[in-house]
Structures are given as structure tokens and as C-alpha cells.
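Protein chains in written order, with this note's numbering: chain A, 1 to 233; chain B, 234 to 549; chain C, 550 to 842.
Here's the structure we're looking at; comments come further down.
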Ligand SMILES: Nc1ncnc2c1ncn2[C@@H]1O[C@H](COP(=O)(O)OP(=O)(O)OP(=O)(O)O)[C@@H](O)[C@H]1O
Ligand SMILES: [Mg+2]
């Protein structure tokens, strides 16, 4: 297996606050990796560093072996890193199809229809995006991510606001997708994590606390103390 | 759908063409002025309406064209077509340089910074009074404005010829704007206006798009300024003042921001309003102020924007 | 006059300009800092303050001193009242939307300016200084009133600083500035705070106008300069940063004074603007503003 993404000593401070500290992280091509951790652990900041939304204070990021630490975000997107926002960020005044069009046109494709169908929004193409239910707006984000045809798809808490049925569909979707792209998934919903992730990385206070298979993470006492213990209770 | 849009714009241009056969001399002159300034307003709208960048300093680009044409013809010995071309090129250069600087500021910062640069340009006009003749202004002699071009004599003192030239310029502009805003490029501009962050995360080079929109907008303003100077034979510092940065904002807001015909309509309506009220002498600025406040409070989408919202959803 | 005395004169003039500029820029900055809106009519509040000072001094019997004291009360109060109405009837109704506020206050700028022209006329209006003591240097005499302006501005600035950093109201303002939602959650009457801040910003610039009017005559077009200078100061000082505004006012006022004395005021303004360009290219958030990304 080859690494699609690698970070070395990656750090970001906000003033005195160390949101991400000295993270060495490797992601294999084709895997589904979950990143979990308590609120404020630095997960969003970490993937922000990878996608280029946040500038690093120190460290390097390698994507397919090339140093991308100083590339602006849009160039990283063109290299194949797609990012869906934790706080929904869509074009509220445009229609659902227009939203996805903006993504597929950037890639020079006409994938809009199929992307919408994959996430289950096929019948809502002409609805104004701002009028979608919250969960559907999250799915629209995912559809935009798909339309970018990424090599690495970063999903920041995509199942927030989805119903149980929609979550099941979503799990299926990510499984299918992972045949084409590597997936980096931030998720609080443990059943989703456990059923999807090949490996799990646990972030706590900006550092990697543990990393391993779902079983290993479940059995790890440190993780249980820091995170799972409270979540499972 | 597209046919309907093209037909509408053709109809507006045809109506303007037909008007010259029935309108009085005064109306012809006013309409010429409106059409030339509508180019300014439409250029402004590309940036403000479509890209969401509110500039308070476009007078610097208008003045760039104005003075380039006036100084070019009166001092540098250029012919009218040469001066027009030179003014356009200088417009490209000046708006490119300004774009690099002012686009670094965002939101409110952008508005203030454009305002200030425009004021610096205005002060520069005054500072070099030897060349610009400041407040008094440069007058372009009629001998310069009658010239031969491609073997024909063109007389810019002839009101009807001016009218038709202005109309031709406007037609080109309308076509350009229509094509631009309906192209992928135009859609990305709207995307940037609606959600800049998201657009960058879809892989678009937002800074480049904004820069291009800025340069087109500034250049169109310069073209309008150059036309104004050459057609009306005058370039004075008032035309470079802050007031002239506010005018296109007002016209665009009144007619409807991010509509293709709104800026033109707004320019026309504002001229009518001021004309109508000028019985009370020199109230044009008071009206400008009052209309701005009223628009913001009661009518934020402007005339065409409201019509589009209520009745004609397809209006571009 | 030789170089050094000339320089002394320039520095004195610069200090006076800076002191008044700091007051008006502080007004603008305060409003921006707390309410996140830019008041483009700020300069017209200045002009109105100057006009009212002239009018009050003219109406008030008992000589320039009594007139000055009366103006010191009437002008800020009247301008504050107008600001109160503006805040209630205009800004609140557009929900302090930054863009709409700029457009609306541009409208207000023209309305106030043209009203002043209609009611007060186009001629410049002189106001006598409250006292005419002259300080005699070996090379030139200098108006004691101008130095009083510096002292008075300093006192007002100190007063504002004290209110902001040492009083309960200052604390409330800072919470509101930090985040409107949080403030509401803490039971702070955000609307009232906004009214007070907007009125205070206008009163500050009116005080600056009352101070300046014995030095520079009142005129209906005088508002644009302080507006642009305040913008420059606020940008260099960082939008919303009060310490930055005061420091920047002195940098700009001093440069402006010196260049105006040795070269020309127009050149001075052009140079200040270029300073802003430089600041923006190097640090888009201003010299003293906080890092945002
Ligand atoms: N732009 C910013 N400025 C200042 N502090 C920030 C910024 N972004 C994040 N932080 C801080 O960095 C820390 C990590 O935040 P981050 O959003 O990365 O956590 P998270 O793990 O994604 O949390 P959650 O599970 O709530 O989404 C938090 O303390 C947060 O307050
Ligand atoms: Mg997060």
C-alpha cells in the first residue's frame, strides 16, 4: 500500500491556543479513515490544514508524495482534495442543481445528475438550496464533494441532522465511494464510525492519542478514558 | 428562454434607435448622456451586482478615461480614435494596478480603500492643475472633434451622430454584459458573491476571478469616461470627485443590481428625477441622498430586481 | 525663518491636527468596533458640529468665552440627538447590515450637507477663539488656544479611555463588541448599547468640531476631509482598535502637519493615502488589528 497523504510535525496555534500540535499522520490510498475526538479536540482544524483552509504554524503536508504545505486551498482542490464543511456552506439562493453544477463545471464534467442521485437528492434538483432541510443540505455538501471527483474526500461530521434511514443510505454511499476515493471522515456518531472505518485516529487536545483498527480503539483504555467512556455511557 | 432574453434586449435597443426620430434636441442630448453614463453604471454593476464587491471609488477609472482622452487630444496631439484607444488601454493598466492593491482588502475595508484611492486620484487631478486645469477643466476644441476616420469625416459636434455612436457603444456593452453574466465566468462571479469560501473550496481561483471582474469593470468605466470627454468636449475635476463614485452605485441600486438592464434604467430614472426637480435649483445632491436612503429602507432590490422577484423570474 | 524653527512650527501644527483627528477617528472607530458598521456621514456630523458652534457663539451674548462654553454644550448635544434619530430610524431598520449602512449613510451625507448649504449658506463662517493669549517663542508667536485644543483633546481621550476600561459600561460595551449573541444571552440590552455608542461617536466628532472651529472656519463642505482622514487613521490603526487609532492619529497628523508646512496639503493627503495602500498590502488587518486567520 502507498500513502496518499502524510503530515509531519503539523501544528497550528491560535494565539496561545494549540489547536493542533505536532501531528504525524499517514493515510493509505483507498482506505476509509475516521478521525474522532471530543469537542474542541482540533479535528476541524486538522482537516482544515490538509485542505488549505487554515495555514499551518509549523510542519509539512505531503499529498501523493508532493509537498502541498504552502499551496492555496483551490490548488489542493484541483489536485484532488475535496472538503465538506462542518458548518454547512452551500449557495443558499441557488438551486440544488446549480450548486452541484459549480462543482462539476470546475472539473469540466457533467456529473451533476448522477451525483445528486447518489446522495438521494435526485428529485430535488430544482429546489432552492436554502429551503432544504438541514440534513439534506449536508447531503448537498457531499454531492458537491463527489462532483469534484476527488482522490481524497474529507467529510466533517456529514451525518449531523440525518434521520436513521438516511444514515443507512449514507453508509452505503461512502462504501461505494471508497472504491474510487480515499475517505477521511470526522464523525461523532460511533455506529457510523464502527461500521465504516478501516482504521480510526483519535485526536485529543490537538495530538494523536491513539490509532488503530476499530476493535483496537474500542479496547484501548486511554481512549475509553478520554472519549469513548463518556460517549458510550 | 434565451430567445426571450435576446429579444428583450434587442427591443430596448431598437426603441432607443427609434426615439431619435421623434425626440426633441434636448431629449436627444439627455439620452446621449444617459447612454454614455449607462456604460459606466453597467461596468460598475458587473463588479457590485454580480461579484458582490461594493466599490466607492470608480470615479478614478471614469476620470482616467476622461483625462486620458482630454489630455491625449489637446496636448499629446492624438486624434479622437487614437485618444479613445489610448484611454481604454490606460484604463486597463490603471484598473489592473488598483485591482492588485485594493482587492487585498475585504468587505468594509474594500469599500473604504476604494473610496480613499479615488480621493487620492481626485487630489492628484487638482495637484497637477497645470495639465488638468483643475476645477475649470479642459475644453476640447471643435476642430479636434471633427476628424476623418477610415476615409470618412466624422463630426462629433453633430447631436444625432453622437446619439447613434453612443447607442452603438451601448449595444456592444449590452451584448458583452449579457454574454459575460450568462457564461460560466459570470456564474462563478455570482458564486463568489454568494459564498466566497465555498467557491474557493470548489477549486476556483477566487482572487483571479475577482481581479478579472475588477479590471473589466474599471476598463468599462474608463471607456465611458473617454467617450464622455470626447462627445461633450469637456473634462473637469468635478467628474473625478467622490460624487461621481456614488453615482453609478445609486444608478445600479435604483435600476436593480445584478440585472443586465437595471443600471441603464436607473441612470435614466435618476436623470428624469433630477430634471423634474431642478425647478427647485441645485437639489440634485439632495435628491441623490434622499433616493439612496429610500432605496435602502424600502426598495433594496431596485426597480428591475423587484420586477424580477415578483413577475418575471427569467429576467437576466 | 530657518529650518529648525520652521520644523518646530510644523510639529506644533501637526500636534494640533493629530489631537483633533484622534477625537474624530475615535468616534468612527468606536462605532465600528462595537456595531461593526461604518458611518460615512461621520464627517457631516463634524461639519454640523462646527456650524452649530458658529451659530451658538453668534446667538450667545457675553463674548467669545461664553459663546465657546455654550457651543461646547449645544453642538455635541444637537449632533448627538441627530445621531440618535439616525440610529433608531435608519440603522436599526436595516438591521446594521454593513453594506446597507454604508449606502444609507452616504445618502445621509448628501442630505445633511445640502441641508447645511440651504440653511447656513455657502460662505465660510469664522468663530472667535475663547481667549487670545499668544505664546511667544524667540522666532514666532503661537496661538495659546491651539495648545489648549491639544490639552482638551487629551483630556477627552483620557475620559473615553477611562470609561471604556474602568467602568461597568465599558465592560458591557466590550462584551457587545465581542459578540452580539453572547451579550444578549447575558441580558445586555444590545439595542440601548448601540444607541449610546452611536450617539457617543457623533458627540465625540462634534466636540472635535467645536475645538477646531476657532482655528478653521466652518463651511458646509468641510466634512469630507475629517471623514477621509479618520478612515486613514482607523485603517492604519486597525478597524475597531482604539489604542491603534490614537497612535495612528498622531502618526498621520504629524506627517500631515509637517508635509503641509514644508510642501503642500494636497501632497500630504496623497501621501497619507499611499501609506494606507502600503498598510493594506503588508497587513490587510491594519497595523494594530488582531490577526484573523
Ligand atoms: N479560527 C479560530 N480562531 C481561534 N480559535 C480557533 C479557531 N478555530 C478553532 N479554534 C479553536 O481551536 C480548538 C480546536 O477547534 P476545532 O474546531 O478544530 O475542534 P473540533 O475537534 O473540530 O471540535 P468539534 O467536535 O466541536 O467540531 C478549539 O478550542 C477552538 O476554539
Ligand atoms: Mg469540528
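Ideal Cβ positions, reconstructed from N, Cα and C, are used throughout, including at glycine.
Assigned exposure category for residue 481(B) - 16 Cβ within 10 Å defines buried = buried
Around ligand 1, Cβ to any heavy atom closer than 5 Å, ordered along the chain = 14(A), 19(A), 39(A), 40(A), 41(A), 42(A), 43(A), 44(A) and 45(A)
Tell me, which residues are paired with residue 184(A) by DSSP?
-> 33(A) and 154(A)
Closer than 8 Å to chain B by CB, residue 190(A) = It does not: the Cβ of residue 190(A) has no partner Cβ on chain B nearer than 8 Å.
Contacting residues, own chain, Cβ-Cβ under 7 Å from residue 37(A) (five flanking each side not counted) | 43, 202, 203, 204 and 227
Alpha carbon to alpha carbon, how far is residue 51(A) from residue 11(A)? Give it in angstroms, no decimals.
-> 14 Å
What residue range is occupied by the uninterrupted beta strand (DSSP E) comprising residue 82(A)?
-> 81-84
Tell me, which residues are paired with residue 769(C) by DSSP?
-> In the DSSP output, where bridge partners are listed per residue, residue 769(C) has none listed.
Beta-carbon neighbours of residue 437(B), restricted to chain A and to distances below 7 Å | 74 and 106
Name the chain A residues that come within less than 7 Å of residue 433(B), Cβ to Cβ?
-> 73 and 74
Would the C-beta of residue 127(A) count as close to ligand 2, meaning under 7 Å from any of its heavy atoms?
-> no
State the DSSP-derived secondary structure class of residue 390(B), mapped to helix, strand or coil.
-> In the displayed model, residue 390(B) falls within coil according to three-state DSSP, outside both helix and strand.
Cβ pair residue 373(B), residue 365(B) closer than 8 Å = Cβ distance not < 8 Å, so residue 373(B) and residue 365(B) don't count as in contact.
Contact belief for residue 216(B) with residue 378(B) at Cβ below 8 Å, rounded distance in angstroms = Outside the modelled stretch of chain B, which goes from 234 to 549, sits residue 216(B), for which no answer is possible.
Cβ of residue 156(A) versus every heavy atom of ligand 2: is any distance shorter than 7 Å?
-> yes
C-alpha distance - residue 118(A) paired with residue 30(A), whole-angstrom precision = 19 Å
Among 166(A), 170(A) and 96(A), the one whose alpha carbon lies nearest that of residue 123(A) | 96(A)
Cβ pair count under 8 Å reaching 3, the segment 72-85 of chain A against the segment 137-152 of chain A | yes
CA nearest to the CA of residue 444(B), picked from 460(B), 305(B), 435(B) and 418(B) | The residue with the shortest Cα to Cα distance from residue 444(B) is 418(B).
Alpha helix (DSSP H) containing residue 508(B): first to last residue?
-> 495-510
Please go through the same chain and pick out, in chain order, the residues whose beta-carbon is closer than 6 Å to the beta-carbon of residue 830(C), but skip the five residues on each side of it.
-> none
Would you tell me roughly how many angstroms separate the C-alpha atoms of residue 677(C) and residue 557(C), rounded to the nearest one?
-> 25 Å
Quick one: using the 10 Å Cβ neighbour count with 16 as the cut-off for buried, is residue 244(B) buried or exposed?
-> Burial call: exposed.
Is residue 726(C) close to chain B, meaning its C-beta is less than 8 Å from at least one C-beta of that chain?
-> no
Mind checking whether the beta-carbon of residue 224(A) lies closer than 7 Å to any heavy atom of ligand 4?
-> Summarising the ligand content, the structure contains ligand 1 and ligand 2 and does not contain ligand 4.
Short-range partners of chain C found in the segment 342-362 of chain B, where Cβ spacing is below 8 Å = For the segment 342-362 of chain B, the beta-carbon criterion of a distance under 8 Å to any beta-carbon of chain C is satisfied by 342, 344, 345, 346, 348, 349, 350, 352, 353, 356, 357, 359 and 360.
Does the beta-carbon distance from residue 251(B) to residue 500(B) come in below 8 Å?
-> no
Excluding sequence positions up to five away, which residues of its chain have a Cβ less than 6 Å from the Cβ of residue 775(C)?
-> Cβ neighbours of residue 775(C) beyond the five flanking positions: 573, 592 and 595.
From 711(C), 599(C) and 653(C), residue whose alpha carbon lies closest to that of residue 531(B) | 653(C)
Verify the contact flag: residue 726(C), CB atom, against every heavy atom of ligand 2, threshold strictly below 7 Å.
-> Result no, Cβ not under 7 Å from ligand 2.
Provide the residue(s) that pair with residue 7(A) in DSSP beta bridges, ordered along the chain.
-> 25(A) and 61(A)
Residue environment, residue 638(C), which counts as buried when at least 16 other CB atoms sit within 10 Å = exposed
Pull up the distance between the alpha-carbon of residue 273(A) and that of residue 48(A), whole angstroms please.
-> For residue 273(A) there is no data in the structure shown, the boundaries of chain A being 1 and 233.
Taking just the CA atoms, how far does residue 643(C) sit from residue 576(C)?
-> In this model, residue 576(C) and residue 643(C) are separated by some 21 Å (Cα to Cα).
In its own chain, which residues sit with a C-beta less than 7 Å from the C-beta of residue 429(B), not counting the 5 before and 5 after it?
-> These residues qualify, in order along the chain: 439.
Run the CB neighbour count on residue 134(A), radius 10 Å, all protein chains shown included, and call it buried at 16 or more, exposed below.
-> Residue burial is scored here from C-beta neighbours: residue 134(A) has fewer than 16 other C-beta atoms within 10 angstroms and is therefore classed as exposed.
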